[in-house]
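S.K.: Below is one structure. I have some questions about it.
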Amino acid sequence: QKEVEQDPGPLSVPEGAIVSLNCTYSNSAFQYFMWYRQYSRKGPELLMYTYSSGNKEDGRFTAQVDKSSKYISLFIRDSQPSDSATYLCAMGYSSASKIIFGSGTRLSIRP
Amino acid sequence: DSGVTQTPKHLITATGQRVTLRCSPRSGDLSVYWYQQSLDQGLQFLIQYYNGEERAKGNILERFSAQQFPDLHSELNLSSLELGDSALYFCASSGGQLASYGYTFGSGTRLTVV
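Top line first, the protein sequences correspond to chains A and B. Using this note's numbering, count along the first sequence one by one with no gaps and you end on 111. Using this note's numbering, count along the second sequence one by one with no gaps and you end on 1114.
Okay, structure coming up:
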């Protein structure tokens, strides 16, 4: 079983829709959680960072962490064609240096 | 531009050959991480260097090696290449030994082994 599971998609939604992306994980030691966005032929870029359970909002993006269920989500409101990319969840813990990534969900926003 | 520079962007080579990928971290960052991204495996952690010393090792094959130089740039050496080594290789950097606030990634080197 992988430490981090993520539905690879692809996910296609119309412009303006609310998008929900999710990951589950098995290691209860994870303390911080991130979402990276990766455009085609580019490196991943950090989109959202959260530490422990709860919600964090940044513009149209909301990251949600439920440590009791080992489940994290990223919501995108008013989705735009420019949001079309692969979204990778990632997580780690403070005493370790490596970050574990999900396999990524490919998202397409239709104009 | 993320500030992390990787060269070359593309590399095509034959099986059995050896290649070197280069990475310059973001200014001020002391840690360099190498990841391999393939379609079936996703982003896999290979190795981390912090200020010239190996800090953590992941799923790195014995045919692969890395080092970080005094100017903090890093090189990933891949030898006896096989078709299955074809992938995107990313370098990332962070300020400290631990990646508590995430990494900054370069744009990657696409390696094709034929």
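Every residue, glycine too, gets a C-beta built ideally from N, C-alpha and C. What you are looking at is a predicted structure, and each value in this text was computed from that prediction instead of being measured.
Drop a sphere of 10 angstroms on the beta-carbon of A:F30, count the other beta-carbons inside from all chains shown, and report buried for 16 or more, exposed for fewer.
M.R.: Counting from 1 along the first sequence, the entry for residue 30 of chain A is found at position 30. With 16 or more Cβ atoms within 10 Å of its Cβ, A:F30 is classed as buried.
S.K.: Quick check on this structure: which residue in A:P14, A:V13, A:N27, A:S20 has the alpha carbon closest to the alpha carbon of A:Q1?
M.R.: Here residue 1 of chain A refers to the residue found at position 1 when the first sequence is read from its first residue. Ranking the options by Cα distance to A:Q1, first place goes to A:N27.
S.K.: Roughly how many angstroms separate the alpha carbons of B:E1053 and B:Q1037, rounded to a whole number?
M.R.: The residue given as residue 1053 of chain B occupies position 53 in the second sequence. The residue given as residue 1037 of chain B occupies position 37 in the second sequence. Between B:E1053 and B:Q1037, the C-alpha separation is close to 24 Å.
S.K.: Quick one, are the C-beta atoms of A:Y36 and A:L46 less than 9 Å apart?
M.R.: The count along the first sequence starts at 1 and reaches residue 36 of chain A at position 36. The count along the first sequence starts at 1 and reaches residue 46 of chain A at position 46. Contact: yes.
S.K.: When burial is assigned at 16 or more other CB atoms within 10 Å of the CB, is A:S79 buried or exposed?
M.R.: Stepping through the first sequence from its first residue, residue 79 of chain A is reached at position 79. That one is buried.
S.K.: Can you tell which of B:P1025, B:T1005, B:Y1033 has its C-alpha closest to the C-alpha of B:A1066?
M.R.: Translated into the one-based positions of the second sequence, residue 1066 of chain B becomes position 66. B:A1066 has its Cα closest to that of B:Y1033, out of B:P1025, B:T1005, B:Y1033.
S.K.: Taking Cβ-Cβ distances shorter than 7 Å, what residues in chain A pair up with B:S1107?
M.R.: Taking the first residue of the second sequence as 1, we reach residue 1107 of chain B at position 107. Result: K42, G43.
S.K.: Would B:S1074 and B:R1026 be called neighbours here (beta carbons separated by less than 9 Å)?
M.R.: Indexing the second sequence from 1 puts residue 1074 of chain B at position 74. Indexing the second sequence from 1 puts residue 1026 of chain B at position 26. Their beta carbons are not under 9 Å apart, which means B:S1074 does not touch B:R1026 by this criterion.
S.K.: Count the other CB atoms within 10 Å of the CB of A:G43; is the residue buried (16 or more) or exposed (fewer)?
M.R.: Stepping through the first sequence from its first residue, residue 43 of chain A is reached at position 43. Burial call: buried.
S.K.: Since I believe A:I109 is in contact with A:E15 (beta carbons under 8 Å), could you give me their beta-carbon distance rounded to a whole number of angstroms?
M.R.: In the first sequence, the residue the question calls residue 15 of chain A occupies position 15. In the first sequence, the residue the question calls residue 109 of chain A occupies position 109. Going by Cβ atoms, the distance from A:E15 to A:I109 rounds to 6 Å, so yes, they are a contact pair.
S.K.: Rounded to the nearest angstrom, what separates A:S53 and B:Y1089 at their Cα positions?
M.R.: As a position in the first sequence, residue 53 of chain A is number 53, starting the count at 1. As a position in the second sequence, residue 1089 of chain B is number 89, starting the count at 1. For A:S53 and B:Y1089, the distance between alpha carbons rounds to 32 Å.
S.K.: Check whether the Cβ of B:L1111 lies closer than 9 Å to any Cβ atom in chain A.
M.R.: The sequence position of residue 1111 of chain B within the second sequence is 111, counting from 1. It does not; no Cβ of chain A falls within 9 Å.
S.K.: Using the Cα positions of B:Q1044 and B:L1076, report the straight-line distance between them to the nearest angstrom.
M.R.: Locating residue 1044 of chain B in the second sequence gives position 44, counting from the first residue. Locating residue 1076 of chain B in the second sequence gives position 76, counting from the first residue. Cα to Cα, B:Q1044 sits roughly 14 Å from B:L1076.
S.K.: Can you list, in chain order, the residues of the segment 42-72 of chain A whose Cβ is nearer than 9 Å to any Cβ on chain B?
M.R.: Against chain B - using a Cβ distance shorter than 9 Å - the residues of the segment 42-72 of chain A are K42, G43, P44, E45, L46, Y49, Y51.
S.K.: Is the CB-CB distance between B:G1106 and B:Q1006 below 9 Å?
M.R.: For the purposes of this step, residue 1106 of chain B is identified with residue 106 of the second sequence, where counting begins at 1. For the purposes of this step, residue 1006 of chain B is identified with residue 6 of the second sequence, where counting begins at 1. For B:G1106 and B:Q1006, yes; Cβs fall inside 9 Å.
S.K.: Should B:Q1041 be labelled buried (16 or more other beta-carbon atoms within 10 Å of its own) or exposed?
M.R.: Taking the first residue of the second sequence as 1, we reach residue 1041 of chain B at position 41. B:Q1041 should be labelled exposed.
S.K.: In chain A, which residues lie with their C-beta within 8 Å of the C-beta of B:R1055?
M.R.: One-based indexing of the second sequence puts residue 1055 of chain B at position 55. Result: S97.
S.K.: Taking only three categories from DSSP, how would you classify B:G1058?
M.R.: Counting from one through the second sequence, the residue named residue 1058 of chain B turns up at place 58. It is coil, neither helix nor strand.
S.K.: Of all the CB atoms in chain B, is at least one closer than 9 Å to the CB of A:L88?
M.R.: On the first sequence, residue 88 of chain A is found 88 positions in, with the first residue counted as 1. Yes, A:L88 counts as interfacial toward chain B.
S.K.: Would you check if the distance between the CB atom of A:I76 and the CB atom of A:D66 is smaller than 9 Å?
M.R.: Taking the first sequence and counting its residues from 1, one reaches residue 76 of chain A at position 76. Taking the first sequence and counting its residues from 1, one reaches residue 66 of chain A at position 66. In this structure, A:I76 sits away from A:D66, with a CB-CB distance that is not shorter than 9 Å.
S.K.: Consider the Cβ of B:L1081: report whether some Cβ of chain A lies at a distance smaller than 9 Å.
M.R.: As a first step, residue 1081 of chain B is located in the second sequence; it is residue number 81 there, counting from the start. Output row for B:L1081: interface = no.
S.K.: For a test of the three-state rule: what should DSSP assign to B:G1084, helix, strand or coil?
M.R.: For this step, residue 1084 of chain B is matched to residue 84 along the second sequence. Three-state DSSP puts B:G1084 in a helix.
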